[in-house]
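Scroll down for the structure; my scribbles are underneath it.
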Amino acid sequence: AQSVSQHNHHVILSEAASLELGCNYSYGGTVNLFWYVQYPGQHLQLLLKYFSGDPLVKGIKGFEAEFIKSKFSFNLRKPSVQWSDTAEYFCAVNGNQAGTALIFGKGTTLSVSS
Amino acid sequence: DTGVSQDPRHKITKRGQNVTFRCDPISEHNRLYWYRQTLGQGPEFLTYFQNEAQLEKSRLLSDRFSAERPKGSFSTLEIQRTEQGDSAMYLCASSLIRDEQFFGPGTRLTVL
Chain A
1 AQSVSQHNHH VILSEAASLE LGCNYSYGGT VNLFWYVQYP GQHLQLLLKY
51 FSGDPLVKGI KGFEAEFIKS KFSFNLRKPS VQWSDTAEYF CAVNGNQAGT
101 ALIFGKGTTL SVSS
Chain B
1 DTGVSQDPRH KITKRGQNVT FRCDPISEHN RLYWYRQTLG QGPEFLTYFQ
51 NEAQLEKSRL LSDRFSAERP KGSFSTLEIQ RTEQGDSAMY LCASSLIRDE
101 QFFGPGTRLT VL
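If you read the sequences in order, they're chains A and B.
Numbering follows the numbering used here, in which position 24 of the first sequence is assigned residue number 24; successive positions increment by one, without gaps.
Numbering follows the numbering used here, in which position 107 of the second sequence is assigned residue number 107; successive positions increment by one, without gaps.
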């Protein structure tokens, strides 16, 4: 069965620290990969996406993610977090025809202290 | 605001009652999705439409759930004979074919 695993349930960082959130997926085919973010009181927003091409993807607000096919991973990174990055982060995957159902991980809550 | 909208934002109901939620997608989007999210979990897929056709339904979508998109624009999700286990956030998303999904703010359902 298709699944997405996010390794960290809750991450606590100080401002300016570097961030890496793990995401591994299990899917038997070509995948499209996404990171969504949910800020407190707001709805899910897309941070970045990978469909094909360069496996290093840059998104909004200084986030990036690297698709490593051999490891079935799509980890999210940011070199220096800000207090405003406090949010819940979800990794998601769907099949080789984007538009089919997204399978989400359970999410990682990031708390950044100033 | 031209994003995905959902109505109502909150619904409290008694067990056994029927409820209906509405989703208005981004106007040019062909695909519309429904997801359910409970505390501590990521969204779980329920069903999706391409235009007015319902193309896929999850096993999570029991017989008490029905969704429609009659003219290929807005969609409704109805839950009949609600149970306490139906309490969740119901999310709607829309997309163009082969593109990212844009999410609405959700409808939070509480079944007493």
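Glycine is no exception: its CB is placed at the ideal position from the N, C-alpha and C atoms.
Quick caveat: nothing in here was measured; it's all calculated off a predicted structure.
- Identified DSSP bridge partners for residue 35 (chain A): A:48, A:91.
- Assigned exposure category for residue 43 (chain A) - 16 Cβ within 10 Å defines buried: Of the residues assessed, residue 43 (chain A) falls on the buried side of the cut-off, its CB having 16 or more other CB atoms within 10 angstroms.
- So with Cβ pairs under 9 Å, would you call residue 61 (chain A) a contact of chain B? Chain B, which has no Cβ nearer than 9 Å to the Cβ of residue 61 (chain A), makes this no.
- Query: Any residues in the stretch 39 to 66 of chain A with a beta carbon nearer than 7 Å to a beta carbon of chain B? Which ones, in chain order?
  - Reply: Within the stretch 39 to 66 of chain A, the residues whose Cβ lies closer than 7 Å to some Cβ of chain B are 43, 44, 46, 49, listed in chain order.
- List the residues of chain B that residue 106 (chain A) touches, going by C-beta distances under 8 Å, in chain order. Chain B residues near residue 106 (chain A): 40, 41, 42.
- Query: So is residue 89 (chain A) buried or exposed if we call it buried at 16+ other beta carbons inside 10 Å?
  - Reply: Its Cβ being crowded by 16 or more others within 10 Å, residue 89 (chain A) is buried.
- Indicate whether at least one CB of chain A lies closer than 9 Å to the CB of residue 77 (chain B). At a cut-off of 9 Å, the C-beta of residue 77 (chain B) has no neighbouring C-beta in chain A.
- Message: What would DSSP say about residue 71 (chain A), mapped onto helix, strand or coil?
- Response: Residue 71 (chain A) falls in the helix class under three-state DSSP.
- Message: Could you check whether the Cβ of residue 109 (chain B) sits closer than 9 Å to any Cβ belonging to chain A?
- Response: No - not a single Cβ of chain A is within 9 Å of the one on residue 109 (chain B).
- Among A:17, A:13, A:25, A:19, which one has its Cα closest to the Cα of residue 1 (chain A)? It is A:25 whose Cα lies nearest to the Cα of residue 1 (chain A).
- Query: Of all Cβ atoms in chain B, is any one closer than 9 Å to the Cβ of residue 17 (chain A)?
  - Reply: Not one chain B Cβ lies under 9 Å of residue 17 (chain A).
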